[in-house]
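Okay, so here's the structure we're looking at.
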Amino acid sequence: MKIDIRKMIYNISILIIIFMTVCLCCTKIWFFFGGIINKYMFVSDIIIAIVIFCWFNKENGVLCGLSIGVFFAIIIGTIFLSIQVFDLSYDGCAYHEMAIGLLANGWNPVKISAEEFINASNVQLLGKSHSLWIDHYSSGTWTIASVIYAFTGYIESGKAINILTMVAIFGILYFYIGKWKNQKIGFIISFLMVINPITISQMFTNYVDGLLMLYLELGILAWFIIIKNESIVEKKKGFVFLFCSILFCANIKFTALFYIGIYTIVIYCIMLYNAYKNNRLKTVFIKLTSLLAAMVIFSVVIIGYSPYITNWVNEGNPLYPLIGKGKVDIMTENQPAEFLELTNVEKFVVSLFSKVDNINANVDRKTQIKMPFSISFEEIKKCTVDTRISGFGPWFSGIFIISSVLLIVCGYNVIKQKKANIYFTALLITNIVLTLFFTGNWWARYSVYEYFIVLAIFFIIDLKDRNFIKKLLVIVLGCLLLINTNFFMYGNIQAFESSQDIRNTLKNLAEVSKNHEVEINLINNDFSGAQFNLRDYGIEYTLPKDNFSADGIYCSYTYRIK
Numbered sequence: 000m001k002i003d004i005r006k007m008i009y010n011i012s013i014l015i016i017i018f019m020t021v022c023l024c025c026t027k028i029w030f031f032f033g034g035i036i037n038k039y040m041f042v043s044d045i046i047i048a049i050v051i052f053c054w055f056n057k058e059n060g061v062l063c064g065l066s067i068g069v070f071f072a073i074i075i076g077t078i079f080l081s082i083q084v085f086d087l088s089y090d091g092c093a094y095h096e097m098a099i100g101l102l103a104n105g106w107n108p109v110k111i112s113a114e115e116f117i118n119a120s121n122v123q124l125l126g127k128s129h130s131l132w133i134d135h136y137s138s139g140t141w142t143i144a145s146v147i148y149a150f151t152g153y154i155e156s157g158k159a160i161n162i163l164t165m166v167a168i169f170g171i172l173y174f175y176i177g178k179w180k181n182q183k184i185g186f187i188i189s190f191l192m193v194i195n196p197i198t199i200s201q202m203f204t205n206y207v208d209g210l211l212m213l214y215l216e217l218g219i220l221a222w223f224i225i226i227k228n229e230s231i232v233e234k235k236k237g238f239v240f241l242f243c244s245i246l247f248c249a250n251i252k253f254t255a256l257f258y259i260g261i262y263t264i265v266i267y268c269i270m271l272y273n274a275y276k277n278n279r280l281k282t283v284f285i286k287l288t289s290l291l292a293a294m295v296i297f298s299v300v301i302i303g304y305s306p307y308i309t310n311w312v313n314e315g316n317p318l319y320p321l322i323g324k325g326k327v328d329i330m331t332e333n334q335p336a337e338f339l340e341l342t343n344v345e346k347f348v349v350s351l352f353s354k355v356d357n358i359n360a361n362v363d364r365k366t367q368i369k370m371p372f373s374i375s376f377e378e379i380k381k382c383t384v385d386t387r388i389s390g391f392g393p394w395f396s397g398i399f400i401i402s403s404v405l406l407i408v409c410g411y412n413v414i415k416q417k418k419a420n421i422y423f424t425a426l427l428i429t430n431i432v433l434t435l436f437f438t439g440n441w442w443a444r445y446s447v448y449e450y451f452i453v454l455a456i457f458f459i460i461d462l463k464d465r466n467f468i469k470k471l472l473v474i475v476l477g478c479l480l481l482i483n484t485n486f487f488m489y490g491n492i493q494a495f496e497s498s499q500d501i502r503n504t505l506k507n508l509a510e511v512s513k514n515h516e517v518e519i520n521l522i523n524n525d526f527s528g529a530q531f532n533l534r535d536y537g538i539e540y541t542l543p544k545d546n547f548s549a550d551g552i553y554c555s556y557t558y559r560i561k
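Numbering (numbering that gives the first Met the number 0), first residue to last: 0 to 561.
Set out below in structure tokens:
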């Protein structure tokens, strides 16, 4: 029996999405009943996901069985790989791991604040609690990661959701784009959409911007599945994917809900306009509005009860602390001092055409404009998880110029031939407007929509086109994107090498702590989330009671053996 590989990849992707959806929803609802995360939830979530998957895939038992087998292999592989590489990022070692660790150790965010839980529990706090962020930020990724952590006993395992999501979104994109174009082109486009500077740089961290980008891609794809209206079944699948996109975006990050909301409103308005022209406005309006409202209410009010509703009740607005009374400005100090006098358009242009760098208001250094496609090893070393200036990579400015020229030339021809897709055009214009005018457009991980502009050309140009120059330029553009993304592997390689030393130190400290008192002190009080690695490796430690003279350094800590 011949196995349809593309279909199997799609099945595996669907199974991963089902698992993470079940994990998020069941855990969040469990919190309402006073429950806490335990090590059995991971297994039960997988069983529920497989049952749901099998229920809707009865027609081909062999393919279904193979898909489940590969799914297990991917789950095991991604968890193992994630444990091998420690999260060495700033936010990861700070509030992300702190939130994941507290959830896995019994914190119920619906019932009690993080600070109250820490004071009432056996968590021996080192450094800051980060309760401002943990109590009030979206907690979807933390929830899934903590379920994995509770099962494995290693906090680093929670990062597996990054690679799992990359696999899942790739499989779904490949299935549909491959069907609409052809399999080879579908594979290339899907690969470029999933493997990019944001997802690669954050792959082994607890940052959430890569996941945000992936679920935005799923949401955009979902709308095109719905619009194409190939069959009732496919249309229903499109709405299911849209629901998953809204669900995860709402529970990943506040800005993710804004972005998917913008895209949804744009498509929604066009669909209503088309319905008006076809005398179906009332029917379409009622059905579409009620369906979208149900998705948003479930995602925000029920699953997102903490933080959206708790923020509203306790602080007066659902997006605290980013807006409203008592808001915290996270942008001003994180941008270069020279940006304070620039408009959003100017910030975008300066960041795009500057050398890759990590400059904020506290760094006495200015951005340096450079020639597109020039590069230095210093730039490659700065291609990291949270790069602020030219954060999409050292070659992205040149790539952006090429893709923009191609978009203008090819877009003009498409419009001239009256072949323009109004939905695609509207989303492209939306991304351009966000890129030029939205706050944070200079910081790559806060402006993932910029990358969508570059990717748009791959959907406009048909590689079967007889125009050799256009085909060559698109192929070159694809190669440049891959090479540019590859620069961000440097940080992952460095993290992997450092992780081996960190693991050896932890194992040695665990052995020593059996017979000697080990005192631990933070190098930086912000890095308190990394303390859960000490617990994971069974290190018995105390806090120093006098001036600390360290015997050694582990990641974010110094230690002394007494």
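Positions of the beta carbon are idealized from the N, C-alpha and C atoms, including for glycine.
This one's a predicted model, so the numbers in the text were calculated from it and none came from an experiment.
- Short of 6 Å from the beta carbon of residue 512, and not among the five residues preceding or following it, lie these beta carbons of its own chain, in chain order: 538, 539.
- Within the DSSP bridge table, the entry for residue 558 names 519, 551 as partners.
- Taken in chain order, the complete alpha helix (DSSP H) segments of 4 or more residues contained in the region 41-70 number zero; there are none.
- In the structure shown, the three-state DSSP call for residue 3 is coil.
- With fewer than 16 other Cβ atoms inside 10 Å of its own Cβ, residue 471 counts as exposed.
- Pairing residue 66 with residue 173, the inter-Cα distance amounts to about 16 Å.
- Taking 8 Å as the cut-off, the beta carbon of residue 561 is found no closer than this to the beta carbon of residue 496.
- Between the alpha carbons of residue 549 and residue 558 lies a distance of about 5 Å.
- Within the region 411-441, the complete alpha helix (DSSP H) runs of at least 4 residues fall at 421-436.
- Taking a C-beta distance under 8 Å as the contact criterion, residue 454 and residue 165 do not qualify as a contact pair.
- Shortest Cα-Cα distance from residue 348 to any of 358, 389, 384 involves 389.
- Straight-line measurement puts the Cα of residue 352 at about 30 Å from the Cα of residue 466.
- Sixteen is the threshold: when 16 or more other Cβ atoms of the shown chains lie within 10 Å of the Cβ of residue 104, as they do, the residue is buried.
- Looking at the backbone, the Cα of residue 170 and that of residue 519 are separated by about 44 Å.
- Residue 187 holds the alpha-carbon nearest to the alpha-carbon of residue 456 among 69, 118, 187.
- With respect to the C-alpha of residue 93, the residue from 74, 118, 133, 58 having the closest C-alpha is 133.
- Using a C-beta cut-off of 8 Å, the region 53-63 makes no contact with the region 475-492, since fewer than three inter-stretch Cβ pairs fall below that distance.
- Close CB contacts of residue 366 within its chain, under the 8 Å cut and outside five residues either way in sequence, are with 335, 337, 349, 350, 353, 354, 356, 358, 388 (chain order).
- In terms of Cα proximity to residue 341, the closest of 256, 377, 259, 439 is 439.
- Listed as beta-bridge partners of residue 541 by DSSP are 518.
- By the CB criterion at 8 Å, residue 88 and residue 385 fall inside the cutoff.
- With a cutoff of 8 Å on beta-carbon distance, residue 128 and residue 114 are scored as near each other.
- A Cβ-Cβ contact shorter than 8 Å links residue 149 with residue 41.
- Judged by their CB atoms, residue 194 and residue 19 are not nearer to each other than the 8 Å cut-off.
- Secondary structure at residue 374: coil, using DSSP grouped into helix, strand and coil.
- By the Cβ neighbour-count rule, residue 381 is buried, with 16 or more other Cβ atoms within 10 Å of its own.
- By the C-beta density criterion, residue 78 is buried, having at least 16 other C-beta atoms within 10 angstroms.
- Note: residue 388 is bridge-paired with 356 in the DSSP secondary-structure output.
- The DSSP-derived three-state label of residue 368 is strand.
- Remark: three or more beta-carbon pairs, one from each stretch, lie closer than 8 Å, so the region 10-29 and the region 233-251 are flagged as touching.
- Here residue 370 is exposed. Its C-beta has fewer than 16 other C-beta atoms within 10 Å.
- Rounded to whole angstroms, residue 346 and residue 441 show a C-alpha spacing of 6 Å.
- In this structure, residue 532 keeps its C-beta atom at 8 Å or more from the C-beta atom of residue 398.
- For residue 125 against residue 521, the beta-carbon gap comes to about 5 Å, under 8 Å, which counts as contact.
- Across the set 14, 35, 394, the C-alpha of 394 shows the shortest separation from the C-alpha of residue 480.
- Annotation for residue 26: 36, 40, 142, 146 place their beta carbon closer than 7 Å to its own, counting only its chain and skipping 5 residues before and after.
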